[in-house]
C-alpha cells in the first residue's frame with residue numbers, strides 16, 4: 565500500500581510539470597485574403613501564434629500560402645517579415661531592413677499588410693521577380 569506522502573508527491577510533481585509546459589502556440593482564425601500581383605486567393609486555414617511580443621500568422625500551407633511576423637512590442641506594431649510561397653506565380657519575401665517594402669495596419673484583431681516582395685517566378689525559379697502583395701487577416 566502506498567503512503568499518502570508518496571501519492572501526494574507524485575500528484576504535485578505532475579501538476580508542476582504540467583504548469584511549466586506551455587500550451588499550443590496557435591489558434592485557428594477565421595479566414596484570410598491574400599492578393600499577389602492582382603491574383604486574389606482566400607484561405608480558411610489560418611494559424612495565429614504569440615510568443616512574448618512576437619506574433620506569427622501562418623496562412624495556407626507550406627505549398628501555397630504566406631507567413632507574417634509582427635513585432636507587437638514596437639509602438640506602433642512593426643511588420644518584421646512576410647514570406648509568400650507559390651501565390652500568384654510568385655515565391656519570395658519582404659524583411660524589415662532588407663529589400664522590398666512592408667506596411668502594417670492593425671485594428672483590434674484585424675491585420676492589413678501590403679508592400680513589395682522580392683523573389684522569383686514559381687514556374688521559372690531562375691528568374692528574379694518583384695511582386696506587390698496585400699493581405700487581410702484576423703487573429
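Numbering (my numbering), first residue to last: 565 to 703.
Cβ atoms here follow ideal geometry from the backbone N, Cα and C, with glycine treated the same way.
Pull up the DSSP beta-bridge partners for residue 639, would you. Residue 639 sits at position 75 when you count from the first residue of the chain shown. Bridge partners of residue 639: none, in fact.
Is the separation between the beta-carbon of residue 670 and that of residue 689 shorter than 8 Å? In the chain shown, residue 670 corresponds to position 106, counting from 1. In the chain shown, residue 689 corresponds to position 125, counting from 1. Not a contact, by the Cβ cut-off of 8 Å.
Alpha carbons only, please: which of 632, 677, 598 is nearest the one belonging to residue 613? Within the chain shown, the letter at position 49 stands for residue 613. Checking every option, the nearest Cα to that of residue 613 belongs to 632.
In DSSP terms, what residue 692 is bridged to: Numbered from its first residue, the chain shown carries residue 692 at position 128. Answer is 684, bridged to residue 692.
Quick test of the definition: if touching needs 3 or more C-beta pairs under 8 Å, does the segment 653-664 touch the segment 682-697? Short answer: they touch.
When DSSP builds the beta bridges, which residues end up paired with residue 607? The residue you call residue 607 lines up with position 43 of the chain shown. Residue 607 pairs with 596.
Just list the residues that DSSP pairs residue 630 with in beta bridges. For the purposes of this step, residue 630 is taken as the residue at position 66 of the chain shown. Among the bridge pairs identified by DSSP, residue 630 is matched with 623, 648.
Which residue marks the beginning of the beta strand (DSSP E) containing residue 667, and which one marks its end? Mapped onto the chain shown, residue 667 falls at position 103. Its beta strand (DSSP E) spans residues 665-671.
Looking at the structure shown, is residue 661 part of a helix, part of a strand, or coil, going by DSSP? Here residue 661 corresponds to residue number 97 of the chain shown, with the count starting at 1. Here residue 661 sits in coil by DSSP.
Give the secondary structure of residue 656 by DSSP, where H, G and I count as helix, E and B as strand, and everything else as coil. Taking the chain shown and counting its residues from 1, one reaches residue 656 at position 92. Residue 656 falls in the strand class under three-state DSSP.
Among residues of its own chain, excluding the 5 on either side of residue 540, which ones have a beta-carbon nearer than 7 Å to its beta-carbon? In this structure the chain extends from 565 to 703, so residue 540 is not present and cannot be described.
Using alpha carbons as the reference points, say which of 678, 661, 596 lies closest to residue 667. Here the question's residue 667 lines up with position 103 in the chain shown. Of 678, 661, 596, the residue nearest in Cα terms is 678.
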